[in-house]
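Taking it in order: structure first as C-alpha cells, then the write-up.
Numbering (our numbering), first residue to last: 56 to 291.
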C-alpha cells in the first residue's frame, strides 16, 4: 500500500511539472502569436507604403523623362541662331572685338552685301592649343537674326572652299548639340542614297526629320533612318 502511495505521489509531482512546463510553453506561444500578429500588421503597412512609393517613383521617372526631353529641346533651340566657324588661326582676333572681327571675316570671305549683325562671338571653351601643329579652337557666333544666319550658312555651303584674306581655310557649320548631331548623322547613309536619285527632293528638318518629296510631288517625313531607307528601296 505504501508503495502505491509513493508511486502515485511521484506521478502527481511529474504531472504538476508537466503542467507547469505546458503553462510556460503556452505563455511563450501566446507571446509568439502576438509578435506574429504585430509583424503581419507591420508587413501590411510596409507593403502599402512600398506600393505608394513605387507609384510615386514611376510618376517621377515619367516626369524626369519629360523634363529631360524638354531640356534637350530648349538647349537645341537656344542654338538656332548659332554658327560654328572652324579653321581660323588662333590669335587672328587679338586686339579686336571678337564679334566685329568675325562679322568682317564673314563679309569678306563670303562676299556678303552687308556686314552681319552678331550678338556675340567667342572661341570654344576648351583649353587654348599649345604648339603650331595643334588645330585652332572653333569660333561660336550667335547671329541676331535667324534669316541672316540661314543666308550665311547657304553661302558657306555652296560647295566652294572658303579661304580668308589671311589664308585660313575655314568651314562654317551649324552649332548643333551633341545629341542633335548624332540624330542627324544617323541619316548620312540615307542622304547618300538620295543624292543619286533624279527628280527626288529631300531635306533634313530640325532636329532630325528627313523630308522626301517624290517625283510625283508626294511628301514623306521620317524620324527613323531604317524606315526611310526601306521607303527608298521599295518606293523610289
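Backbone N, C-alpha and C fix where the C-beta goes; we use that ideal spot for every residue, glycine too.
Can you check which of these residues, 218, 115 and 258, is closest to residue 245 by C-alpha distance? As a first step, residue 245 must be located in the chain shown, where it is residue number 190. Measuring from the Cα of residue 245, the nearest candidate turns out to be 258.
Taking contact to mean 3 or more Cβ pairs, one atom from each stretch, closer than 8 Å, check whether the segment 162 to 178 and the segment 196 to 204 are in contact. yes
Quick one: does the C-beta of residue 192 sit closer than 7 Å to a heavy atom of the ligand PLP? For the ligand PLP, the structure offers nothing, since it holds no ligand at all.
Please classify residue 53: does DSSP put it in a helix, a strand, or coil? The displayed coordinates of the chain run from 56 to 291. Any statement about residue 53 would go beyond what the structure contains.
Which runs of the alpha helix (DSSP H), 4 residues or longer, sit entirely within the segment 84 to 152? none
For residue 116, does the count of other Cβ atoms within 10 angstroms reach 16, so buried, or fall short, so exposed? Numbered from its first residue, the chain shown carries residue 116 at position 61. Residue 116 comes out exposed.
CA-CA distance, residue 182 and residue 148? Translated into positions along the chain shown, residue 182 becomes position 127. Translated into positions along the chain shown, residue 148 becomes position 93. About 17 Å.
Considering only the alpha carbon of each residue, which of 184, 126 and 228 lies closest to residue 8? Given that the chain is displayed from residue 56 to residue 291, the structure contains no residue 8 and the question cannot be resolved.
Could you give the uninterrupted runs of the beta strand (DSSP E) lying entirely in the segment 188 to 230, keeping only those of 3 residues or more? 194 to 198 and 224 to 229
To the nearest whole angstrom, what separates the beta carbons of residue 207 and residue 262, a pair I think is in contact under 8 Å? The count along the chain shown starts at 1 and reaches residue 207 at position 152. The count along the chain shown starts at 1 and reaches residue 262 at position 207. About 20 Å; that fails the 8 Å criterion.
From residue 141 to residue 108, what does the alpha carbon distance come to, in whole angstroms? Within the chain shown, numbered from 1, the residue matching residue 141 stands at position 86. Within the chain shown, numbered from 1, the residue matching residue 108 stands at position 53. So the alpha carbons of these two residues sit roughly 51 Å apart.
Pull up the DSSP beta-bridge partners for residue 265, would you. As a position in the chain shown, residue 265 is number 210, starting the count at 1. Bridge partners of residue 265: 259 and 277.
Any idea what DSSP makes of residue 176, helix, strand or coil? Walking along the chain shown from the start, residue 176 turns up at place 121. Three-state result, residue 176: strand.
Rounded to the nearest angstrom, what separates residue 202 and residue 103 at their Cα positions? As a first step, residue 202 must be located in the chain shown, where it is residue number 147. As a first step, residue 103 must be located in the chain shown, where it is residue number 48. Computed Cα separation, rounded: 58 Å.
Rounded to whole angstroms, what is the Cα-Cα separation between residue 139 and residue 289? In the chain shown, the residue the question calls residue 139 occupies position 84. In the chain shown, the residue the question calls residue 289 occupies position 234. Cα to Cα, the separation comes out at about 38 Å.
By DSSP, does residue 156 sit in helix, in strand, or in coil? Within the chain shown, the letter at position 101 stands for residue 156. The answer is helix: DSSP assigns residue 156 an H, G or I state.
Roughly how many whole angstroms lie between the Cα atoms of residue 123 and residue 191? Sequence index remark: in the chain shown, residue 123 carries index 68 (1-based). Sequence index remark: in the chain shown, residue 191 carries index 136 (1-based). Going by the C-alpha atoms only, they are around 33 Å apart.
Give the DSSP-derived three-state secondary structure of residue 234 in the structure shown. Counting from 1 along the chain shown, the entry for residue 234 is found at position 179. Helix at residue 234.
Is residue 277 closer than 8 Å to residue 260 when the C-beta atoms are compared? As a position in the chain shown, residue 260 is number 205, starting the count at 1. As a position in the chain shown, residue 277 is number 222, starting the count at 1. Not in contact: residue 260 and residue 277 (Cβ atoms no closer than 8 Å).
Chain-order list of residues whose beta-carbon lies under 6 Å from that of residue 145 (same chain, five-residue window excluded): The residue given as residue 145 occupies position 90 in the chain shown. For residue 145, where only same-chain residues beyond five positions count, the Cβ hits under 6 Å are 191.
In three-state DSSP terms, what is residue 252? For the purposes of this step, residue 252 is taken as residue 197 along the chain shown, with counting starting at 1. In this structure, residue 252 counts as coil in the three-state DSSP scheme.
From 143, 286, 281 and 282, residue whose alpha carbon lies closest to that of residue 269: Residue 269 sits at position 214 when you count from the first residue of the chain shown. When each option's Cα is compared against that of residue 269, the closest is 286.
DSSP three-state call for residue 182: helix, strand or coil? Position 127 of the chain shown, counted from the first residue, corresponds to residue 182. Note: residue 182 maps to coil in three-state DSSP.
Let's test the definition: count the other Cβ atoms within 10 Å of the Cβ of residue 136 and tell me whether it reaches 16, buried, or not, exposed. Within the chain shown, residue 136 is the residue found at index 81, counting from 1. Classification of residue 136: buried, given that the 10 Å Cβ count is 16 or more.
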